[in-house]
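These protein sequence lines map, in sequence, to chains L and W. Going by the working numbering, the letters in the first sequence line up with residues 134 to 351, in that order. Going by the working numbering, the letters in the second sequence line up with residues 134 to 351, in that order. Glycine included, every Cβ here is placed at the ideal spot set by N, Cα and C.
There are 2 protein chains.
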Amino acid sequence: MNSLTEENYLKTLFALSEQTGEVNVNDLSKSLAIKMSTVTSMMKKLSEKKLVAYESYKPLRLTEKGKREAGIIIRKHRLTEMFLVKIMGFGWEQVHEIAEQVEHLQSPEFFDKVDEMLGFPTVDPHGSPIPDKSGKIEWKQYSKLSDCVVGDQLKLAAVTNSSNDFLKFLNSRHLKLGVKVKVKAVESFDKSMVISYGKNQQESLSYTVCEKLLGEKI
Amino acid sequence: MNSLTEENYLKTLFALSEQTGEVNVNDLSKSLAIKMSTVTSMMKKLSEKKLVAYESYKPLRLTEKGKREAGIIIRKHRLTEMFLVKIMGFGWEQVHEIAEQVEHLQSPEFFDKVDEMLGFPTVDPHGSPIPDKSGKIEWKQYSKLSDCVVGDQLKLAAVTNSSNDFLKFLNSRHLKLGVKVKVKAVESFDKSMVISYGKNQQESLSYTVCEKLLGEKI
DNA sequence: GTATAATGTTAGACTAATCAAACAAAATTA
DNA sequence: TAATTTTGTTTGATTAGTCTAACATTATAC
C-alpha cells in the first residue's frame, strides 16, 4: 500500500508524463510545490518499490507498475468528479478540489458503486478519459483550438485545465463541452482568437485559453 | 486546522466520553490501539490547542472547543453513513469503514450538499443522532433491551455498535430499526433473552447483544 | 496499611516527509 | 572551450507520530 504522499507523487508524475513519457525532477518539484531534494529522495523510495525507473541525473519514468497504480488513482479522481457533477449537482468548476481528497479513499466497493450509478462513464466532466479498473487509459485524439485556422470549426470535447478560475471563465462565456465554435480571426501578434458559437455569441480568447480547449474538427 | 491523527483522537475521545464525560488514558489507548505513552503526548498537544483539559494522572475531558470540533467530525461521519445507505444503496453494515475515511474530507460544500440531498436527517442508519453544524449533539433517551423485563415491548431505534459483524448478525435475524420486539423470557444465569417480533419470529439473544440494542418502550 | 497490580509519564529512539545549504553534473552562453 | 546558469544530489536538521523501556503514581487486594 502506498501512502497518501506517494500517491500524490505517482499521480503528478503520471499527469506530467502524459505528453512526453519523461519528466524532470525540476518539473515534478514545481508541480508538487516540494523542493527538489525531497523529490530526489522520494524517487529513490519509489524506485525501491519498482514504481519509478530512477537513475541519477536521468529523466524520471514510471514503470508499468507505476503507471497502473497512478492510473487507478486517476480513475478514482475522475469517477468522483463525474459523480459530484451528475449525481450531486456540483458545477464542473467546483469538483477538482473535492476529488483531490476523495481519490485517496481505500474502498473498491465505493468506487464500483459510483461507477455503476454513473452507468460506467468513459470521460470525466472535463472530457478527460477515465482509466479502466486496471489503470489503463485510452486517450482520444483531439485538436487544440489554438492549432486551428480561420474558418475551422471545432466541437469542444475536453479542457486541459480543471482549475476553478479557468472553468469559471469558461462558464462566464457560456463555453462548455459539446459547443461548436468557429474560428473567425487569429491575431498574429499574440495568437489570440475571435470565435463564434451558440446563438450569435462571439468572443475573443487569448492563446493561453485556446491552448487549453480541445475538440473534434468538423 | 487539526491533522487527521488529531481528528481521530478527538472523535474517539468524544465517543468514549459520551457516557461519563471523562475518559482514562488507558481506555483511549485501547480504543485507538495506540500505546499509552503516545496518547499522553498527544493529550499534551491537544491541551496546548485548548481542545482537551489535561492534567497529569487526571481523567481526560474535552473542552467545549474540543467537543465542538469532535462533534463536527462525527456529523460528517454520520451524514456520510446516511448518504451511503440512502443515496448509494449500501447496507447499514457496510458503511462504517467508508465513513471513517470520508469524515476527514475538508469541504463544507460537500457535506452541505449531502445534508441537503438527505433532507437534513437527524439520525444516522444506526439510530445515532447527527450533530448540528456547530457540532452540538442531542441524545434521545432510549432504553436498552437488556434493561427490559418479561412482557416489555421495545421499538428498536438505535444500535450502539456499528461493526460489520454485529450488523450482519442482526441482518441474519431480520432485526432492524423500527422493529417492535417483545421480551418473552430472561435467563437469570447469563441474562440472555428470548424475544418475539415480526410475523411469529422468535430469537434468543445474548446479553452482549441485548445491551447494544436501544429503543422506546411501548 | 503495606504489597502488588494497574495506570500514567518520561526519556530516548525510529520512520516518513519535509527543508536549507553545500556540492556536483549538465546545459547554456559567450 | 571556458564561464555561468540551471538542474540534480547529498548531507544534516526538523517535525509529527509512533514505539519501548524505565520510572512514577494511583488503585486494589490481602
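- Proximity of the region 186-197 of chain L to the region 148-159 of chain L meets the contact definition, three or more beta-carbon pairs being nearer than 8 Å.
- Using beta-carbon distances, W/V282 does not count as an interface residue toward chain L, since no partner is under 8 Å.
- For a Cβ distance threshold of 7 Å, residue set I231 of chain L lies close to W/F243, ordered along the chain.
- Going by DSSP, L/Y330 is part of the beta strand (DSSP E) stretching over 326-330.
- Beta-bridge annotation (DSSP): L/P262 is paired with L/V256.
- W/L143 and W/S150 have their C-alpha atoms roughly 10 Å apart.
- Within chain W, the residues placing a beta-carbon under 8 Å from that of L/S240 are E230, I231, Q234, ordered along the chain.
- Beyond the five residues adjoining it in sequence on each side, W/V316 comes within less than 7 Å, by CB distance, of C281, V282, V283, G284, D285, M326, I328 in the same chain, given in chain order.
- Boundaries of the alpha helix (DSSP H) harbouring W/Q152: 137-153, taken from the DSSP string.
- Beta-bridge partners assigned by DSSP to L/A203: none are found.
- By the rule that beta-carbons nearer than 8 Å mark a contact, W/M221 touches chain L.
- If you compare the alpha carbons of W/K269, W/I351, W/K313 with that of W/Q335, the shortest gap goes to W/K313.
- In the three-state reduction of the DSSP assignment, W/A186 falls in the strand class.
- Residues of the region 140-157 of chain W with a Cβ closer than 8 Å to any Cβ of chain L: none.
- Around W/G348, the same chain offers Y275, S276, L278, L287, K288, L289, A290, A291, V314 as residues with beta carbons nearer than 8 Å, after the five sequence neighbours per side are excluded.
- Where W/K313 is concerned, there is no enclosing alpha helix (DSSP H), although the beta strand (DSSP E) around it starts and stops at 313-319.
- Per the Cβ contact rule, the region 229-239 of chain L is in contact with the region 204-214 of chain L (3 or more Cβ pairs under 8 Å).
- Residue contact with chain W for L/K301: absent (no Cβ-Cβ distance below 8 Å to any residue of chain W).
- Look at the beta carbons and you see the region 165-181 of chain W not touching the region 215-223 of chain W: under three pairs across the two are nearer than 8 Å.
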